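Contents: one structure, followed by commentary.
Numbering (full-length UniProt numbering), first residue to last: 1 to 129.
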């Protein structure tokens, strides 16, 4: 019952920082690796606040999903990793600007994380093809 897995990559999102794919397509889903708020044009974090970084991370996820042949509106599950749980309200506001459909993705948010590159937020997602 195993279907072929396929790596997804785009220059519209930051390149993987380690031994992983930006995303993997498998069995009708796209599994997007955790995205930092890195601007792919500069390679730097897109701002100093968790909200700015979350907005860029979500933009990166959208670009990856577009390349995979689906879209942000098909995200069924997301995880938000926060350095500071106090940033939740600010990050949630940016998240709410992106997920505007009648069915919002299932989600978990976890605070108190040490995130690579000194980032304040990282977001991963699973979408339906």
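Backbone N, C-alpha and C define an ideal beta-carbon position, used for all residues, glycine too. Note that the coordinates shown come from a computational prediction; the quantities given were computed from them, not determined experimentally.
Counting only the Cα atoms, residue 56 lies some 7 Å from residue 39. Annotation: the continuous alpha helix (DSSP H) that includes residue 56 extends over 50-68. Per DSSP, the continuous alpha helix (DSSP H) segment holding residue 91 begins and ends at 88-98.
Three or more Cβ pairs drawn from the segment 24-36 and the segment 61-77 lie within less than 8 Å of each other, which places the two stretches in contact.
In this structure, the alpha-carbon of residue 89 lies about 32 Å from that of residue 19.
Sorting 113, 95, 16, 108 by C-alpha distance to the C-alpha of residue 52 places 95 at the top. Residue 6: member of the beta strand (DSSP E) spanning 6-8, first to last residue. Classified as exposed, residue 114 has fewer than 16 neighbouring CB atoms from the shown chains inside 10 Å of its CB.
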